[in-house]
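Asker: Right, I'll just put the structure down here and ask away after.
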Amino acid sequence: MIQADVDLQPYNTLAIAARAAHFAQVENLDQLREALEFARRKKLPILPLGGGSNIVLTGNFPGLVIHLDNPGLEVREQGERTLVTAGAGENWHQLVMATVDRGLGGLENLALIPGRIGAAPIQNIGAYGVELRDSFSSLEALHIATGEMHSFSASDCEFGYRDSVFKGRARDQYIITSVSLELHGEWHPRVDYPALQQYFREQQIDSSGLTPRAVAEAVIAVRNSKLPDPAQIPNAGSFFKNPIIDGDLYRELKKAHPDLVAYEVGERWKLAAGWLIDRAGWRGKRQGAVGVHERQALVLVNPGHGAGAEVTGLAQEIAADIHAKYGVELEPEPRFYP
Ligand code: FAD
Ligand code: NAP
12 MIQADVDLQP YNTLAIAARA AHFAQVENLD QLREALEFAR RKKLPILPLG
62 GGSNIVLTGN FPGLVIHLDN PGLEVREQGE RTLVTAGAGE NWHQLVMATV
112 DRGLGGLENL ALIPGRIGAA PIQNIGAYGV ELRDSFSSLE ALHIATGEMH
162 SFSASDCEFG YRDSVFKGRA RDQYIITSVS LELHGEWHPR VDYPALQQYF
212 REQQIDSSGL TPRAVAEAVI AVRNSKLPDP AQIPNAGSFF KNPIIDGDLY
262 RELKKAHPDL VAYEVGERWK LAAGWLIDRA GWRGKRQGAV GVHERQALVL
312 VNPGHGAGAE VTGLAQEIAA DIHAKYGVEL EPEPRFYP
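Residue numbers for the sequence shown, in my numbering: 12 to 349.
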């Protein structure tokens with residue numbers, strides 16, 4: 012089950028060529044335990060891997076990559092609510108479309124996000140004003156140190172904006188094996204993002220009678236028009252999180268740049284990092300094998316299949332430039348390995 016010296020290029024959407032010293036494809040809990048026992052005996056670091064759409068490989072991984080491939084999709088109706096439980100290895104977008112096919116609302120704004128279900132809680136995936144936590148019920152995870160299974164409620168997960176306990180206190184301690192979501196009969200479309208509004212206007216769709224399928228179709232069309240498909244142009248989605256800044260800096264920036272794109276979050280302001288990068292002149296720039304996507308400056312691309320160092324080098328240059336021009340710190344969203 013465990014292979015040595017495996018090429019990770021097909022397993023990361025940035026298509027970075029790097030190797031794993033050891034690689035295990037696990038399809039059930041017994042295989043996962045076996046893989047963990049192998050890593051424990053050899054004292055290897057572990058990298059749990061789903062679709063590889065939110066990682067940057069900066070070199071060869073010296074430990075054990077555990078590719079979560081455990082299937083399973085169960086849909087249970089309980090009165091007004093429907094509980095959907097899926098194995099970590101299931102594809103996220105297919106799960107969204109399976110719920111839309113059943114006429115269930117709640118996940119449609121999250122259509123076409125790449126990756127697998129096991130990774131969705133790690134950064135509380137979100138798009139178009141909806142986050143995983145809005146439908147999250149619970150998850151099961153294996154505690155690496157003890158081998159025990161733990162159940163996490165929504166509050167245990169400490170979800171935040173593209174954040175969870177698994178990026179903080181519990182980082183590297185658990186392998187998520189399944190996730191349960193709760194969808195309700197009562198449904199209201201969430202379509203206030205300008206790109207969705209524009210789509211409905213252009214298609215002459217009356218947004219008062221929307222169905223989950225119509226919203227999913229809008230999200231898919233808008234994403235396809237703007238975001239690069241990793242199969243065609245390797246990328247890891249948004250390379251930086253949208254920075255949340257305090258009111259003083261916001262007012263200063265707004266005065267200097269009246270068309271600044273920002274959204275109020277409590278007493279603070281979320282800036283569109285893509286707007287900053289675009290205005291700083293980076294959109295569409297190519298630097299060796301890597302570059303900045305021409306239709307969305309927040310997405311770094313790797314069309315020339317460059318090494319991780321090329322991607323991180325470009326990211327550092329952009330972050331330094333944004334800091335110099337706007338006084339704003341950009342924090343990368345994907346996780347870097349090793
Ligand atoms: P991976 O990249 O394989 O892993 C990501 C992290 O989670 C790693 O640290 C990994 O070790 C850990 N991990 C993975 N599986 C497990 C597990 N079972 N147990 C424990 N840890 C695990 N994200 C959004 O939030 N919203 C978007 O709209 C969005 N759009 C994107 C568009 C594109 C074109 C791309 C390429 C990416 C986009 N992303 C988006 C980022 C990414 O798709 C999500 O973060 C997704 O959830 C990552 O899933 P994955 O299976 O590929 O995770
Ligand atoms: P967009 O619609 O052009 O919007 C630009 C930015 O403005 C987004 O980052 C978004 O923040 C924010 N925004 C827009 N309307 C808003 C509103 N009504 N209220 C609050 N914030 C608003 O963005 P895009 O790049 O095309 O992406 C569309 C959606 O998909 C976004 O939600 C984005 O986060 C998500 N996405 C994520 C990734 C990733 O890898 N993480 C990749 C592609 C797309 P938010 O980002 O907070 O929503």
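Cβ atoms here follow ideal geometry from the backbone N, Cα and C, with glycine treated the same way. All figures in this text were calculated on a predicted structure; none of them were measured in a lab.
I need the straight-line Cα distance from residue 96 to residue 83, nearest angstrom please.
Answerer: In the sequence shown, counting from the first residue as 1, residue 96 sits at position 85. In the sequence shown, counting from the first residue as 1, residue 83 sits at position 72. So the alpha carbons of these two residues sit roughly 8 Å apart.
Asker: DSSP three-state label for residue 265, please.
Answerer: Residue 265 sits at position 254 when you count from the first residue of the sequence shown. Of the three classes helix, strand and coil, the one that applies to residue 265 here is helix, per DSSP.
Asker: Using the three-state DSSP reduction, which class does residue 146 fall into: helix, strand or coil?
Answerer: As a working mapping, residue 146 is identified with position 135 in the sequence shown. Residue 146: coil per DSSP, three-state reduction.
Asker: Please state whether DSSP places residue 173 in a helix, a strand or coil.
Answerer: For the purposes of this step, residue 173 is taken as residue 162 along the sequence shown, with counting starting at 1. Coil.
Asker: Tell me the start and end of each unbroken beta strand (DSSP E) in the stretch 106-144 that is at least 3 residues and wholly inside, in chain order.
Answerer: none
Asker: Distance check for residue 132 and residue 186, CA to CA, integer angstroms please.
Answerer: Position 175 of the sequence shown, counted from the start, is the residue given in the question as residue 186. Position 121 of the sequence shown, counted from the start, is the residue given in the question as residue 132. One C-alpha to the other measures close to 11 Å.
Asker: Are there 16 or more other CB atoms within 10 angstroms of the CB of residue 235, so buried, or fewer, so exposed?
Answerer: Start at 1 with the first residue of the sequence shown, and residue 235 comes out as number 224. Residue 235 should be labelled exposed.
Asker: Is residue 272 near ligand 2 - that is, is its Cβ less than 7 Å away from at least one heavy atom of it?
Answerer: Residue 272 sits at position 261 when you count from the first residue of the sequence shown. The answer is yes for residue 272.
Asker: Rounded to the nearest angstrom, what separates residue 345 and residue 121 at their Cα positions?
Answerer: Taking the first residue of the sequence shown as 1, we reach residue 345 at position 334. Taking the first residue of the sequence shown as 1, we reach residue 121 at position 110. Cα to Cα, residue 345 sits roughly 18 Å from residue 121.
Asker: My output table needs one value for residue 54: the three-state DSSP class, helix, strand or coil.
Answerer: Translated into the one-based positions of the sequence shown, residue 54 becomes position 43. Here residue 54 sits in coil by DSSP.
Asker: By Cβ distance, which residues of its chain are closer than 6 Å to residue 224, with the 5 residues on each side in sequence left out?
Answerer: For this step, residue 224 is matched to residue 213 along the sequence shown. Result list for residue 224: 111, in chain order.
Asker: Mind checking whether the beta-carbon of residue 206 lies closer than 7 Å to any heavy atom of ligand 2?
Answerer: Along the sequence shown, read from residue 1 onward, the residue named residue 206 stands at position 195. Yes, the Cβ of residue 206 comes within 7 Å of a heavy atom of ligand 2.
Asker: Between which two residues does the beta strand (DSSP E) holding residue 87 run?
Answerer: Within the sequence shown, the letter at position 76 stands for residue 87. 84-89 is the span of the beta strand (DSSP E), which, as asked, contains residue 87.
Asker: Roughly how many angstroms lie between the CA atoms of residue 191 and residue 104, to the nearest whole one?
Answerer: Against the sequence shown, residue 191 aligns to sequence position 180. Against the sequence shown, residue 104 aligns to sequence position 93. Between the alpha carbons of residue 191 and residue 104 lies a distance of about 15 Å.
Asker: Using only the alpha-carbon positions, how far apart do residue 289 and residue 282 sit?
Answerer: Position 278 of the sequence shown, counted from the first residue, corresponds to residue 289. Position 271 of the sequence shown, counted from the first residue, corresponds to residue 282. When rounded, the distance between both Cα atoms is 13 Å.
Asker: For the pair the stretch 162-176 and the stretch 71-78, tell me if three or more CB-CB distances fall below 8 Å.
Answerer: no
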